[in-house]
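Enquirer:
Chains as they are written, first to last, in the numbering used here: chain U, 8 to 250; chain E, 213 to 517.
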């Protein structure tokens, strides 16, 4: 069955609506942390997140639960400042929320909560939950014949240590869930590392997989566009090593 | 659908399969266990997109079911109790409760249903563990008809529900709904005995000829505290549960917190139970058969009555 749209996609892309640009992200990070310099763990995902929300994801910040939207699941919920900065930049919530980061009554915690933050698809923090949840999201979209949305899940290379991910990596191709894309931001922080590379963990299980520079916006955009019908897709986005 | 099965597990398969036919929100997620039964009755062939077998991957089973709930479906995840609840407990805690979505967990192989398999397949702690989470409806059917009633109601709702199937069954169903039902009324001074699920028949046999009020419930969370307060006239209460001893003792104590009372909790004792054999032998070893229950209740009542 070919993909079908349940409703019309938005006439305006998020890029046209966005009040902030990529150049504004450092200032939006500073609003949260108070620091002018940002740690590697808070910025490793920044470029991938920006390219996703700026160029790839079909999602309307004014209607972030629309059925036609692409589902983006941030599995690596640790270090969410870049995620919050991008969501605020794209208008999912006011930038005035950013200085409340991690305060008692703030919607913005050290790990994101889907019930508190518009645009956040899953509450994360404990590692290894996003891709298994995304498996179910993709199963449900197929059962509901809502076949156009992509399900894109962001993980970290150290997060891949969790065995639950490998249950999903093996099962997703066997269940023919070709609308799933996994993106692994690789800052070489896995204690026991992945000899032979991360991409092979996916390609051995039947995924298409590419490894790219996780700071190169054109390469990131091309990698997400390279998903093929019939296979789930993995993007390994390599960034500088976590110090 | 063929004649209604008296096996809880087969009745579950029948009712879930009917629900798949009738309700497009329903999905069943499996980790091999019971898949053969959904194949044999044709449900998998009719609903290949809504009966999902992920293989022997219980973490994924629970998470994928929760992911389907995020998209508005009503998933049923099913396996043996130790693997569904204990192995995948963080998935239950975070992917259902913390995401703020409901779903239905249906276990088989309760407590010592399959004792030949040993400790790895015993699941005495499932109810206590799930009871640490907010908002779960926890149902312990005593009969296949109660399984059907619980599952049909669970499918209608959006709440998180656990239904615990067992091979230990009562001879007949009790239609108590979610609350306590009075099965037998004793005199005003008689002890009140709460029998949970499959413990009803052994309790009735143990107390035949004794003066006791016998209450029954198949729903232990939420616990029917108001029903207990209304039923208890004498401040002596016995709670008999087919899993870890004392699992619902706190619920009884809370319901009676403003009344002087005595509570005897009976269930499966904590321990590494390194024995095989039959369920009847395990019930006898733990004092959960009728003679054991009679001895324990009589000895507890003895000095004070």
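Note that beta-carbon positions come from the ideal geometry of N, C-alpha and C, so glycine has one too.
Buried or exposed: which applies to residue 255/U, given that a residue is buried once 16 or more other Cβ atoms fall within 10 Å of its Cβ?
Expert: Outside the shown range of chain U (8 to 250) lies residue 255/U, about which nothing can therefore be said.
Enquirer: Judging by CA-CA distance, which residue of 217/E, 283/E, 358/E, 269/E is the nearest neighbour of residue 303/E?
Expert: Walking along the second chain from the start, residue 303/E turns up at place 91. Comparing Cα positions, the closest option is 269/E.
Enquirer: Using a 10 Å radius around the Cβ and a threshold of 16 neighbouring Cβ atoms, would you call residue 448/E buried or exposed?
Expert: As a position in the second chain, residue 448/E is number 236, starting the count at 1. Looking at its Cβ environment, which holds 16 or more other Cβ atoms inside 10 Å, residue 448/E is buried.
Enquirer: When you compare each of 222/E, 254/E, 438/E, 414/E to residue 495/E by their alpha carbons, which one comes out closest?
Expert: Numbered from 1 along the second chain, position 283 holds the residue referred to as residue 495/E. The option with the nearest alpha carbon to residue 495/E is 414/E.
Enquirer: Just by C-beta distance, which residues in the stretch 52-66 of chain U are closer than 8 angstroms to chain E?
Expert: Residues: none.
Enquirer: With respect to the beta strand (DSSP E) encompassing residue 376/E, which residues constitute its N-terminal and C-terminal limits?
Expert: Here residue 376/E refers to the residue found at position 164 when the second chain is read from its first residue. That run of the beta strand (DSSP E) goes 373-376.
Enquirer: Cβ closer than 8 angstroms: which chain E residues qualify as neighbours of residue 121/U?
Expert: Here the question's residue 121/U lines up with position 114 in the first chain. Here the neighbours are 311, 312.
Enquirer: If the criterion is Cβ atoms closer than 8 angstroms, does the pair residue 281/E and residue 459/E meet it?
Expert: The residue given as residue 281/E occupies position 69 in the second chain. The residue given as residue 459/E occupies position 247 in the second chain. Their beta carbons are not under 8 angstroms apart, which means residue 281/E does not touch residue 459/E by this criterion.
Enquirer: Is residue 76/U close to chain B? Criterion is C-beta to C-beta, closer than 8 angstroms.
Expert: No chain B is present in this structure, whose protein chains are U and E.
Enquirer: Three Cβ pairs or more, each shorter than 8 angstroms: is that satisfied between the stretch 253-273 of chain E and the stretch 232-245 of chain E?
Expert: Touching, per the Cβ criterion.
Enquirer: Taking the straight line between their C-alpha atoms, what separation do you get for residue 88/U and residue 58/U?
Expert: The residue you call residue 88/U lines up with position 81 of the first chain. The residue you call residue 58/U lines up with position 51 of the first chain. Taking the straight line from one Cα to the other gives about 16 angstroms.
Enquirer: Answer yes if the stretch 62-82 of chain U comes into contact with the stretch 109-117 of chain U, meaning at least three C-beta pairs across the two stretches below 8 angstroms, and no otherwise.
Expert: With a cut-off of 8 angstroms, the stretch 62-82 of chain U and the stretch 109-117 of chain U do not count as touching, because too few Cβ pairs lie within range.
Enquirer: Does the distance from the CB of residue 380/E to the CB of residue 454/E come in under 8 angstroms?
Expert: Here residue 380/E refers to the residue found at position 168 of the second chain. Here residue 454/E refers to the residue found at position 242 of the second chain. Yes, these two residues count as a Cβ contact at 8 angstroms.
Enquirer: Closer than 8 angstroms is the cut-off here; do at least three beta carbon pairs connect the stretch 157-165 of chain U with the stretch 189-200 of chain U?
Expert: Contact between the stretch 157-165 of chain U and the stretch 189-200 of chain U is present, because at least three Cβ pairs lie under 8 angstroms.
Enquirer: Can the beta-carbon of residue 480/E be found closer than 8 angstroms to that of residue 505/E?
Expert: As a first step, residue 480/E is located in the second chain; it is residue number 268 there, counting from the start. As a first step, residue 505/E is located in the second chain; it is residue number 293 there, counting from the start. No, the pair does not count as a contact, with Cβ atoms beyond the cut-off.
Enquirer: In chain order, what residues of the same chain have a beta carbon less than 7 angstroms from the beta carbon of residue 357/E, not counting five sequence neighbours either side?
Expert: One-based indexing of the second chain puts residue 357/E at position 145. For residue 357/E, where only same-chain residues beyond five positions count, the Cβ hits under 7 angstroms are 385.
Enquirer: Check the Cβ of residue 149/U against every Cβ in chain E and list those closer than 8 angstroms, keeping chain order.
Expert: Translated into positions along the first chain, residue 149/U becomes position 142. Correct list: 261.
Enquirer: Rounded to the nearest angstrom, what separates residue 276/E and residue 332/E at their Cα positions?
Expert: Indexing the second chain from 1 puts residue 276/E at position 64. Indexing the second chain from 1 puts residue 332/E at position 120. About 24 angstroms.
Enquirer: Give me the residue from 394/E, 389/E, 422/E with the minimum Cα distance to residue 402/E.
Expert: Sequence index remark: in the second chain, residue 402/E carries index 190 (1-based). When each option's Cα is compared against that of residue 402/E, the closest is 422/E.
Enquirer: So, helix, strand or coil for residue 103/U, using DSSP?
Expert: Taking the first residue of the first chain as 1, we reach residue 103/U at position 96. Reduced to three states, the DSSP call for residue 103/U is helix.
Enquirer: Quick one: does residue 267/E have its CB under 8 angstroms from some CB of chain U?
Expert: As a first step, residue 267/E must be located in the second chain, where it is residue number 55. Closer than 8 angstroms to some Cβ of chain U, the Cβ of residue 267/E qualifies, so yes.
Enquirer: Checking the sheet assignment: what are the DSSP bridge partners for residue 148/U?
Expert: Residue 148/U sits at position 141 when you count from the first residue of the first chain. None; residue 148/U has no bridge partner.
Enquirer: So residue 307/E contacts chain U; which residues on that side make the cut at Cβ distance below 7 angstroms?
Expert: Looking up residue 307/E in the second chain gives position 95. Near residue 307/E (Cβ distances below 7 angstroms), the residues of chain U are 136, 140.
Enquirer: Return the CA-CA distance between residue 144/U and residue 286/E, expressed in angstroms with no decimal places.
Expert: Taking the first residue of the first chain as 1, we reach residue 144/U at position 137. Taking the first residue of the second chain as 1, we reach residue 286/E at position 74. Cα to Cα, the separation comes out at about 12 angstroms.
Enquirer: For a cutoff of 8 angstroms on Cβ pairs, would you count residue 159/U as touching chain E?
Expert: Sequence index remark: in the first chain, residue 159/U carries index 152 (1-based). By this cut-off, residue 159/U is not an interface position.
Enquirer: Could you please give me the residues that DSSP links to residue 220/U through a beta bridge?
Expert: For the purposes of this step, residue 220/U is taken as residue 213 along the first chain, with counting starting at 1. Residue 220/U is bridged to 245/U.
Enquirer: Just curious, the alpha helix (DSSP H) that residue 509/E is in, first and last residue?
Expert: Locating residue 509/E in the second chain gives position 297, counting from the first residue. Residues 502-513.
Enquirer: I need the boundaries of the beta strand (DSSP E) containing residue 450/E, first residue and last residue.
Expert: If you number the second chain from 1, residue 450/E lands on position 238. Where residue 450/E is concerned, the enclosing beta strand (DSSP E) stretches over 448-456.
Enquirer: Have a look at residue 99/U and residue 26/U and give me their C-alpha separation to the nearest angstrom.
Expert: Here the question's residue 99/U lines up with position 92 in the first chain. Here the question's residue 26/U lines up with position 19 in the first chain. Cα-Cα distance, rounded: 11 angstroms.
Enquirer: My output table needs one value for residue 163/U: the three-state DSSP class, helix, strand or coil.
Expert: Locating residue 163/U in the first chain gives position 156, counting from the first residue. Residue state, collapsed to three classes: strand.
Enquirer: Closest by CA to residue 152/U, which one among 39/U, 75/U, 236/U?
Expert: Reading the first chain from its first residue, position 145 is the one you call residue 152/U. Checking every option, the nearest Cα to that of residue 152/U belongs to 75/U.
Enquirer: Could you spell out where the beta strand (DSSP E) holding residue 79/U opens and where it closes?
Expert: The residue given as residue 79/U occupies position 72 in the first chain. Here the beta strand (DSSP E) through residue 79/U covers 78-81.
Enquirer: On the CB-based measure, 16 or more other CB atoms within 10 Å of its CB, does residue 323/E come out buried or exposed?
Expert: The residue you call residue 323/E lines up with position 111 of the second chain. So residue 323/E counts as buried.
Enquirer: Report the rounded CA-to-CA distance for residue 411/E versus residue 321/E, giving the unit in angstroms.
Expert: Within the second chain, numbered from 1, the residue matching residue 411/E stands at position 199. Within the second chain, numbered from 1, the residue matching residue 321/E stands at position 109. For residue 411/E and residue 321/E, the distance between alpha carbons rounds to 16 angstroms.
Enquirer: Closer than 8 angstroms, CB to CB, is residue 182/U near chain E or not?
Expert: Sequence index remark: in the first chain, residue 182/U carries index 175 (1-based). With 8 angstroms as the cut-off, residue 182/U counts as an interface residue toward chain E.
Enquirer: From this set, 312/E, 399/E, 342/E, which residue's C-alpha is nearest residue 296/E's C-alpha?
Expert: Residue 296/E sits at position 84 when you count from the first residue of the second chain. The shortest C-alpha separation from residue 296/E is found at 342/E.
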